[in-house]
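Structure, as structure tokens:
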Amino acid sequence: EAQVTQNPRYLITVTGKKLTVTCSQNMNHEYMSWYRQDPGLGLRQIYYSMNVEVTDKGDVPEGYKVSRKEKRNFPLILESPSPNQTSLYFCASSFSATGKAFFGQGTRLTVV
Amino acid sequence: DQQVKQNSPSLSVQEGRISILNCDYTNSMFDYFLWYKKYPAEGPTFLISISSIKDKNEDGRFTVFLNKSAKHLSLHIVPSQPGDSAVYFCAASAAGGYQKVTFGIGTKLQVIP
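Sequence order for the protein chains is A and B. Read left to right, the first sequence gives residues 1 to 112 (the working numbering). Read left to right, the second sequence gives residues 1001 to 1113 (the working numbering).
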């Protein structure tokens, strides 16, 4: 079954404690991206990756890092989380930016 | 500045009638547009897309219309069903296939039985 898997689904953490949200896809997609969803702001792209070792900033990259060492995985790293990063995060994959994207179930992150 | 705008935060429609969701964009480099549907507690799911070389694309009950000169697209759902109640996002991307994807803020559609 084609899917994008994110973990964890829910996370509560404290300010400054490094965390990683994992994302994995099984469709051999080249394009992967991370979004955050906030009330009144819709979905905003954080980072995207065109292929292994190729990443670029989206619209709201500050405070986030990503890596793409393998085609299937695209983890999102928050080196020093702050309360303004409390949000609902989605990972997505597709063959290209213009292709139909498959989204994960989401990770609800709370930073206190 | 919002490059993809969905100016109606919500829309209510009677079951069986037409739902029309609108989306405007400002970036003339956008040439591919997608619509996604999102239910609560789930990730968005792809609905339909259109490239700038077309002005209409149809898939079952869903039709997307693109007016390039007005930088406007709309999603028509006919007939609307209660299961269509969800948040609908418009998204846009530029040429080349390896670019940013910009989403609108979404429109919440409620289909009343």
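Note that CB positions come from ideal geometry on N, CA and C, so glycine has one too. Keep in mind that this is a model prediction, so the values were computed, not measured.
Counting other Cβ atoms within 10 Å of its Cβ, PRO1044/B reaches 16 or more and is therefore classed as buried.
Under the three-state reduction of DSSP, GLN6/A is assigned to strand. The criterion of a C-beta distance shorter than 8 Å is not satisfied by THR1107/B and SER1012/B. Counting every other CB atom within 10 Å of its CB across the protein chains shown gives ALA92/A a total of 16 or more, marking it as buried.
Counting along the chain, TYR47/A sits inside the beta strand (DSSP E) bounded by residues 42 to 51. Rounded to the nearest whole angstrom, the CA to CA distance from THR1026/B to ASN26/A is 35 Å. In this structure, HIS1076/B lies near ILE1018/B, with their beta-carbon atoms less than 8 Å apart. Under the three-state reduction of DSSP, ASP1031/B is assigned to strand. Taking each of PRO75/A, LYS57/A, PHE90/A in turn and checking the Cα distance to GLY106/A, the smallest one comes out for PHE90/A. An exposed status is given to ILE1112/B, since fewer than 16 other beta-carbon atoms sit within 10 Å of its beta-carbon. Among the CB atoms of chain A, none fall inside 8 Å of the CB of SER1008/B. Taking 8 Å as the cut-off, the beta carbon of GLU1/A is found no closer than this to the beta carbon of PHE95/A.
Looking from the CA of LYS1068/B, the closest CA among PHE1062/B, ILE1020/B, LYS1054/B belongs to LYS1054/B. Close to ALA101/A, with beta-carbon spacing below 7 Å, are these residues of chain B in chain order: PHE1046. Taken through DSSP and simplified to helix, strand or coil, ASN1022/B comes out as strand. Following the DSSP letters along the chain, one finds THR86/A in no beta strand (DSSP E), marked with neither H nor E. Residues of chain A whose Cβ lies closer than 8 Å to the Cβ of ILE1105/B are, in chain order, GLY40, LEU41, GLY42. Non-local beta-carbon contacts of SER49/A in its own chain, meaning distances under 8 Å to residues more than five positions away in sequence, involve TYR31, MET32, SER33, THR55, ASP56, VAL66, ARG68, PHE74 in chain order.
Interface flag for SER1049/B against chain A is set, since a Cβ pair is found closer than 8 Å. At a cut-off of 8 Å between beta carbons, GLY1043/B contacts chain A. For TYR1032/B, the nearest CB of chain A lies under 8 Å from its own CB, placing it at the interface with that chain. The Cβ neighbour count for SER80/A, taken over all protein chains shown within 10 Å, is under 16; the residue is labelled exposed.
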